[in-house]
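Novice: As given, the protein sequences belong to chains A and B, one line each in that order. Take the first sequence: its letter number 225 is residue 225 in the UniProt record's numbering, and every next letter is one higher. Take the second sequence: its letter number 283 is residue 283 in the UniProt record's numbering, and every next letter is one higher.
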Amino acid sequence: MSRLDRRFAALKAAGRTGLIPFVTAGDPSPEHAVTLMHALVDAGADVIELGVPFSDPMADGPVIQHASERAIAKGVGLAAVLGWVAAFRERDEDTPVVLMGYLNPVEIHGYQRFASEAIAAGVDGVLLVDCPLEEAAVLAPLRAAGLQQILLAAPTTAPARMAELCKAAEGFLYYVSFAGITGAGRLSTQDIAARVADIRAHAKAPVAVGFGVKDAQSAKAIAGFADAVVIGSALVERLDGATTAQDISERVEHFLGPIRKALDTPSSSS
Amino acid sequence: MPTIQDYQSWPDAHGRFGDFGGQYVAETLMAPLAELTEAYLRLREDPDFLAELDRDLTHYVGRPSPIYHAEHLSRHVGGARILLKREDLNHTGAHKINNTIGQALVAKRMGKPRIIAETGAGQHGVASATVAARFGLKCVVYMGAVDIERQKINVYRMKLLGAEVVPVTSGSKTLKDALNEAMRDWVTNVADTFYIIGTVAGPHPYPMMVRDFNAIVGREARSQMLAQYGRLPDVLTACVGGGSNAIGLFHAFLNDSDVRIVGAEAAGEGIATGHHAASLAAGRPGVLHGNRTYVLCDDNGQITETHSVSAGLDYPGVGPEHAFLKDAGRAQYVGVTDDEALEAFHLLARTEGILAALESSHAVAQAMKIARELPKDGIVLCNLSGRGDKDVHTIAAREGVQV
Chain A
1 MSRLDRRFAA LKAAGRTGLI PFVTAGDPSP EHAVTLMHAL VDAGADVIEL
51 GVPFSDPMAD GPVIQHASER AIAKGVGLAA VLGWVAAFRE RDEDTPVVLM
101 GYLNPVEIHG YQRFASEAIA AGVDGVLLVD CPLEEAAVLA PLRAAGLQQI
151 LLAAPTTAPA RMAELCKAAE GFLYYVSFAG ITGAGRLSTQ DIAARVADIR
201 AHAKAPVAVG FGVKDAQSAK AIAGFADAVV IGSALVERLD GATTAQDISE
251 RVEHFLGPIR KALDTPSSSS
Chain B
1 MPTIQDYQSW PDAHGRFGDF GGQYVAETLM APLAELTEAY LRLREDPDFL
51 AELDRDLTHY VGRPSPIYHA EHLSRHVGGA RILLKREDLN HTGAHKINNT
101 IGQALVAKRM GKPRIIAETG AGQHGVASAT VAARFGLKCV VYMGAVDIER
151 QKINVYRMKL LGAEVVPVTS GSKTLKDALN EAMRDWVTNV ADTFYIIGTV
201 AGPHPYPMMV RDFNAIVGRE ARSQMLAQYG RLPDVLTACV GGGSNAIGLF
251 HAFLNDSDVR IVGAEAAGEG IATGHHAASL AAGRPGVLHG NRTYVLCDDN
301 GQITETHSVS AGLDYPGVGP EHAFLKDAGR AQYVGVTDDE ALEAFHLLAR
351 TEGILAALES SHAVAQAMKI ARELPKDGIV LCNLSGRGDK DVHTIAAREG
401 VQV
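(1) Here's the rule: buried if 16 or more other CB atoms are within 10 angstroms of the residue's CB, otherwise exposed. What is B/HIS346?
(2) At a CB distance below 9 Å, what residues from the segment 104-121 of chain A approach chain B? Give them in sequence order.
(3) Relative to the C-alpha of B/GLY378, which residue among B/SER385, B/GLY386, B/ARG387 and B/MET368 is closest?
(4) Using a beta-carbon distance below 7 Å, is B/MET208 in contact with chain A?
(5) Whose CA, out of B/GLN5, B/SER9, B/ARG260 and B/GLY22, lies closest to the CA of B/ARG292?
(6) Please list the residues of the segment 275-295 of chain B that have a C-beta atom closer than 9 Å to any C-beta atom in chain A, keeping them in chain order.
(7) Report yes if the CB atom of B/ILE116 is closer than 7 Å to the CB atom of B/TYR195, and no otherwise.
(8) Which chain B residues sit within Cβ distance under 9 Å of A/GLU237?
(9) Do we get a CB-CB distance below 7 Å when we pair B/SER170 with the residues of chain A?
(10) As an exercise, report each continuous beta strand (DSSP E) stretch of at least 3 residues that is fully enclosed by the segment 2-86 of chain B, in chain order.
(11) Spell out whether any CB of chain B is found under 7 Å from the CB atom of A/GLY183.
(12) List the residues of chain A that B/TYR315 touches, going by C-beta distances under 9 Å, in chain order.
(13) Going by DSSP, what residue range makes up the alpha helix (DSSP H) through B/ASN180?
(14) Taking 6 Å as the limit between beta carbons, can you name the residues of its chain near B/SER310, skipping five residues before and five after?
(15) Cβ atoms of B/VAL61 and B/HIS95: under 7 Å apart, would you say?
(16) Using a C-beta cutoff of 7 Å, does A/VAL129 count as contacting chain B?
(17) Using a Cβ-Cβ cutoff of 7 Å, what residues of the segment 176-188 of chain B are near chain A? List them in chain order.
(18) Using the DSSP secondary-structure output, state which residues sit across from B/LYS108 in a beta bridge.
(19) Considering only their Cβ atoms, is the gap separating B/ALA26 from A/ALA153 smaller than 7 Å?
(20) Just checking my contact of B/SER385 with B/ASP338 at CB under 8 Å: how many whole Å lie between their CB atoms?
(21) Tell me the DSSP bridge mates of A/ALA208?
(22) Quick one: give me the first and last residue of the beta strand (DSSP E) that A/PRO96 is part of.
(23) What separation, rounded to the nearest whole angstrom, lies between the Cα atoms of A/VAL252 and B/VAL126?
(24) Could you give the first and the last residue of the continuous beta strand (DSSP E) run that contains A/ILE48?
(25) Can you tell me the Cβ-Cβ gap for B/HIS204 and B/GLY15, rounded? I've got them flagged as a contact below 8 Å.
(26) Report the three-state DSSP secondary structure of A/ALA153 (helix, strand or coil).
(27) Nearest to B/ASN300 by alpha carbon, out of A/LEU235, A/LEU127, A/GLY77 and A/ARG260?
(28) By Cβ distance, which residues of its chain are closer than 7 Å to A/GLY185, with the 5 residues on each side in sequence left out?
(29) Distance check for A/ALA120 and B/ASP88, CA to CA, integer angstroms please.
(30) Per DSSP, which one or two residues make a beta bridge with B/GLY335?
(31) Name, please, each residue of chain E whose Cβ falls closer than 7 Å to the Cβ of B/CYS297.
(32) Buried or exposed: A/ASP56, going by 16 or more other Cβ atoms within 10 Å of its Cβ?
(33) Which first and last residues belong to the beta strand (DSSP E) in which B/ILE354 is found?
(34) For a test of the three-state rule: what should DSSP assign to A/PRO266, helix, strand or coil?
(35) Can you name the start and end residues of the beta strand (DSSP E) that A/PRO21 belongs to?
(36) Going straight from the alpha carbon of A/VAL63 to that of B/THR351, what length do you get?
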């Protein structure tokens, strides 16, 4: 059983909703990248999504694009990100780490080379935003090495295609809660609830919901019907400008703490 | 299934040209792309649609455009005859309108009242704003802040045509960033919005659709050659940024194996300096803007900033069909520097009375190089993809002239 599968099984057994924070690797500070990962776990993260900076993040909003630009300006690349995961694993054997990013850095690094280095570092899954199921043949070496491919599903995904995604899902299926870029603010909870219920009934893997979640209240609204909640832009925005390890850890705790608490408080309606 | 021998049969059903092309996009775009692919595949066979397109190409764009024997330029060069396919004579002054007319008609048939576009030199933006006005569509154009500065006249033209021009300040503030931003708009507003991509890049079906709409250039040129010269040219050349005018000229000739095909990329200050935009001549296969193609990037896979005197060639990727033609050995792609393009610009202006766009001047420079190596009865057909009025300020500034 993979680290992701174990983690989701444990969440299910405990009746808890998973918390999956996203941070851009190397932002706000490459020196404290590993500290940040541990801080996320300390604040209640069940899975870490670590963004691999890319110069042209077509599916991301300005917050994550700017975080990527800042990290790239400091020289952050795939090799550094893998190094941080390996360093993180020295103290944390249990928290699954998913690398989220775009295909070109992996393609240029080499699929085979990336697969073996990522496994060696302790990476559990990859979410390559611009690699839909149709193009996933290029990722065969990653799957062969044991990296789970996290797939996206969207409100615009047609029913037949959704069935395909549910069948192919591994690790978790990431449902983007509105048809748009990351970090924009449109969220109709009822719409999402209905779609996610349907997906959960059919998907081989747990369903995480993200895009547009920004505080305890919006996270809580989703917790009632998803296996996990993903929080990205709002956290990245909150971390911008932090320079010391202490500042980073405090901001993480201050932001994620209430969300974790809200997710763990039984709601009156569910 | 397409075969490598039949170059005109690509892409395959997945939008792939051999190893290149495809749909490397986020899940949110898969449904809009499927909707567009389905609509376009239906329309390209629809006689009503094709007749409407043909009417506008004739009466609005002013097609066919002539092929013109540049005798004085040819004599000056002292080699083969140089013929120019005069796409600069189209309405709005470039080949870009062939595509925007086509896509605006698709948008209209799909019931989308709002069109968006990205633009580099501003030519595609102007062509999009033009057809939006023509068909009563709302138009938003994304343009890099650096390009807005370089192409003020075109920005004003777009505004005169009723379009909204949105400056893009992320990344390198040029064409690739405008494309990112337009893609985001599309993802967010797909219900009522049609995205008119201006070149043969992006995810399937764009490389195919944009090529189809520009392929009229080569079809016309091929029959004009046969009618006026009784034979095909020895060599074709065109400038390649994203590559829409080039594929437009090349496509009809791809299976004419005796016709040599040469694409001229922007070598900027020279490929060795690193300040260039020659993705095919100096890049490597990668994934950018929805397709696998040749890209300019560093060893971390980060797309690198490009340089060219011409904004329209200043792009770190290239259409996937060109990547395919390069690897198949059917076409050759070479670099032309800023200085060579400017020299060709001046020479064409003085010998033929034609102000070529800086983009097209790269093709003219390449045509001159090829003509020099061929006998006098040889023919080089060069796509003069646009007129240079938009560039006079850039050229004056570069040469220290106060206008």
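Don't be surprised by glycine CBs; every beta carbon is placed ideally from N, CA and C.
Specialist: According to the structure shown:
(1) Under this definition B/HIS346 is an exposed residue.
(2) For the segment 104-121 of chain A, the set of residues with a beta-carbon nearer than 9 Å to any beta-carbon of chain B comprises ASN104, PRO105, VAL106, GLU107, ILE108 and HIS109, in chain order.
(3) Out of B/SER385, B/GLY386, B/ARG387 and B/MET368, B/MET368 has the C-alpha closest to the C-alpha of B/GLY378.
(4) It does not; no Cβ of chain A falls within 7 Å.
(5) Relative to B/ARG292, the option among B/GLN5, B/SER9, B/ARG260 and B/GLY22 whose CA is nearest is B/GLY22.
(6) Identification of residues in the segment 275-295 of chain B having a C-beta nearer than 9 Å to some C-beta of chain A yields ARG284, PRO285, GLY286, VAL287, LEU288, HIS289, GLY290, ARG292 and VAL295, given in sequence order.
(7) In this structure, B/ILE116 lies near B/TYR195, with their beta-carbon atoms less than 7 Å apart.
(8) Within chain B, no residue comes near A/GLU237; the closest Cβ sits about 16 Å away, beyond 9 Å.
(9) Chain A, which has a Cβ nearer than 7 Å to the Cβ of B/SER170, makes this yes.
(10) With a minimum length of 3 residues, the continuous beta strand (DSSP E) runs that stay inside the segment 2-86 of chain B are 67-69 and 81-86.
(11) The pLDDT assigned to A/GLY183 is 47, lower than 50, so where the model puts this residue is not dependable; a value taken from the coordinates is nonetheless given after this. No, A/GLY183 lies away from the interface with chain B (no Cβ there is under 7 Å from its Cβ).
(12) In chain order: nothing, as chain A lies at least about 12 Å away.
(13) That run of the alpha helix (DSSP H) goes 175-189.
(14) Setting aside the 5 residues that flank it on each side, B/SER310 is surrounded in the same chain by LEU358 and GLU359, each with a C-beta closer than 6 Å to its C-beta; the list follows chain order.
(15) No; because the gap between Cβ atoms is not below 7 Å, this pair is not in contact.
(16) Residue-level contact by beta carbon holds for A/VAL129 and chain B, with a gap shorter than 7 Å.
(17) Correct list: LYS176, ASN180, MET183, ARG184, VAL187 and THR188.
(18) Under DSSP, B/LYS108 forms no beta bridge with any residue.
(19) Their beta carbons are not under 7 Å apart, which means A/ALA153 does not touch B/ALA26 by this criterion.
(20) The C-beta separation of B/SER385 from B/ASP338 comes to about 17 Å, leaving the pair out of contact by the 8 Å criterion.
(21) Looking at the DSSP output, A/ALA208 shares a beta bridge with A/TYR174 and A/ALA228.
(22) Looking at the DSSP string, A/PRO96 is not in any beta strand (DSSP E), and its letter there is neither H nor E.
(23) Rounded to whole angstroms, A/VAL252 to B/VAL126 spans 47 Å at the Cα level.
(24) Per DSSP, A/ILE48 belongs to the beta strand (DSSP E) from 48-51.
(25) Indeed, because the Cβ distance is near 2 Å, the residues count as touching under 8 Å.
(26) Secondary structure of A/ALA153 (DSSP, three-state): strand.
(27) The candidate whose alpha carbon is nearest that of B/ASN300 is A/GLY77.
(28) Unreliable placement is indicated for A/GLY185, whose pLDDT of 48 sits below 50; the coordinate value is still reported in the next sentence. Contacts found: GLY212.
(29) Whole-angstrom Cα-Cα distance: 57 Å.
(30) For B/GLY335, which the question treats as bridged, DSSP gives the partners B/GLU265.
(31) Structure shown: chain E not included; protein chains present are A and B.
(32) Buried, because 16 or more other Cβ atoms sit within 10 Å of the Cβ of A/ASP56.
(33) Segment: none, B/ILE354 is in no beta strand (DSSP E) and carries neither H nor E.
(34) A/PRO266 sits in coil when the DSSP states are folded into three classes, being neither helix nor strand.
(35) Its beta strand (DSSP E) spans residues 18-24.
(36) Approximately 53 Å between the Cα atoms of the pair.
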